[in-house]
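Colleague: Per this note's numbering, residue -19 is the first one in the sequence shown, and the count goes up by one each step.
All C-beta atoms, glycine included, are put in the ideal place defined by N, C-alpha and C.
Small disclaimer: the values here were computed from a predicted structure and weren't measured.
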Amino acid sequence: PEGFQRAEFLQQKGAIDLICDRRELRKTIASTLAMLLRQSADAVA
């Protein structure tokens, strides 16, 4: 679709894009899910 690689399109569709170190991946995913689910990071880890 038109504009599919634009940040505004991804934000509108709810896409998450992030570059992080592999060693931080578990913590990053847990904190992202915690934010989206409105829970503590420990609860989703």
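For Leu(-10) and Asp22, what's the separation of their Cα atoms in angstroms?
Modeller: Working through the sequence shown from its first residue, we reach residue -10 at position 10. Working through the sequence shown from its first residue, we reach residue 22 at position 42. Distance between the alpha carbons of Leu(-10) and Asp22: 28 Å.
Colleague: State the CB to CB distance for the pair Thr12 and Ile(-4), rounded to an integer number of angstroms; the pair is presumed to be in contact (CB under 8 Å).
Modeller: One-based indexing of the sequence shown puts residue 12 at position 32. One-based indexing of the sequence shown puts residue -4 at position 16. About 7 Å separates the two Cβ atoms, so the contact holds.
Colleague: What does the alpha-carbon distance come out to for the pair Val24 and Glu4?
Modeller: Mapped onto the sequence shown, residue 24 falls at position 44. Mapped onto the sequence shown, residue 4 falls at position 24. When rounded, the distance between both Cα atoms is 15 Å.
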